[in-house]
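Trainee:
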Amino acid sequence: MHTAISAKLIHVTAAALTGAALLFGAGNAAHANQIVATVSLSQQVMEVRVDGRPTFTWKVSTGDRAHITPTGSFKPTRMHEMWYSKKYDNAPMPHSVFFSGGYAVHATYAVNRLGHPASHGCVRLHPDAAADFYQLVEAFGPGNTSIVIVK
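The following block contains the structure:
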């Protein structure tokens, strides 16, 4: 379990467990207890909105020229604290949140590549950001999480 949780994440997950209206006010009832993670392929960033409010913005690495990252709106299909790619030589994929077949949001150790396309199609995050995102999805639930990938 990731122990260096940001203060912002503690407040966000507390809201998920006790009711987001207590933290964000009743004005966001349409977005209550929802996470929307929007990945911009052109900007190589992921913006996470919790209950409709911008909460995190992280650099990502998505598919390089030879490997696409699928676009569209997805729900997490499965989660693994640690996964090893069966397709790519057992490459480690910590804090994996799968959203379409073998595509996932997960941590990378190649943090110097963040902000540039470099993956085989997955959405890679800094290990701390991936752990935070994983914990958010765990707290809010996959059914209350959307991963939206845009050009």
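For the record, in the sequence shown the residue sitting at position 145 is 145 according to my numbering, with numbers rising by one throughout.
Beta carbons are placed, not taken as given, at the ideal position from N, Cα and C, and that holds for glycine.
Values in this document were obtained by computation on a predicted structure and should not be read as measured data.
Contact check, Ala110 vs Met93 under 8 Å by CB: the rounded distance?
Mentor: Actually they do not touch by this definition, with Cβ atoms about 12 Å apart.
Trainee: For His95, tell me which candidate among Val48, Glu138 and Val50 has the shortest Cα-Cα distance.
Mentor: Considering only alpha carbons, the answer is Glu138.
Trainee: Three-state secondary structure (DSSP) at Val48?
Mentor: In the structure shown, Val48 sits in a strand (DSSP, three-state: E or B).
Trainee: Any idea what DSSP makes of Arg53, helix, strand or coil?
Mentor: Strand, per DSSP.
Trainee: The beta strand (DSSP E) that contains Gly125, what's its start and end?
Mentor: Checking the displayed sequence, the identity of residue 125 turns out to be Leu instead of Gly. Its beta strand (DSSP E) spans residues Val123 to Leu125.
Trainee: Report the three-state DSSP secondary structure of Gly102 (helix, strand or coil).
Mentor: Three-state DSSP puts Gly102 in coil, outside helix and strand.
Trainee: Which class does Arg113 belong to by DSSP, given the choice of helix, strand or coil?
Mentor: In this structure, Arg113 counts as helix in the three-state DSSP scheme.
Trainee: Starting from the Cα of Thr145, find the closest Cα among Arg113, Ser73, His67 and Leu41 and give me that residue.
Mentor: Taking only the C-alpha atoms, the option nearest Thr145 is Ser73.
Trainee: If we count the other Cβ atoms within 10 Å of its Cβ and call it buried at 16 or more, is Gly143 buried or exposed?
Mentor: By the neighbour-count rule (16 or more Cβ atoms within 10 Å), Gly143 is not buried but exposed.
Trainee: Look up Gly195 in the DSSP assignment and say whether it is helix, strand or coil.
Mentor: Not covered by the structure: residue 195. The range shown for the chain is 1 to 151.
Trainee: Is Ala118 helix, strand or coil by DSSP?
Mentor: In this structure, Ala118 counts as coil in the three-state DSSP scheme.
Trainee: Which residue or residues does DSSP assign as beta-bridge partners of Arg78?
Mentor: According to DSSP, which records beta bridges pairwise, Arg78 is partnered with Phe98.
Trainee: When you compare the CB positions of Ser119 and Ser61, do they come within less than 8 Å of one another, or not?
Mentor: The answer is yes: Cβ separation under 8 Å.
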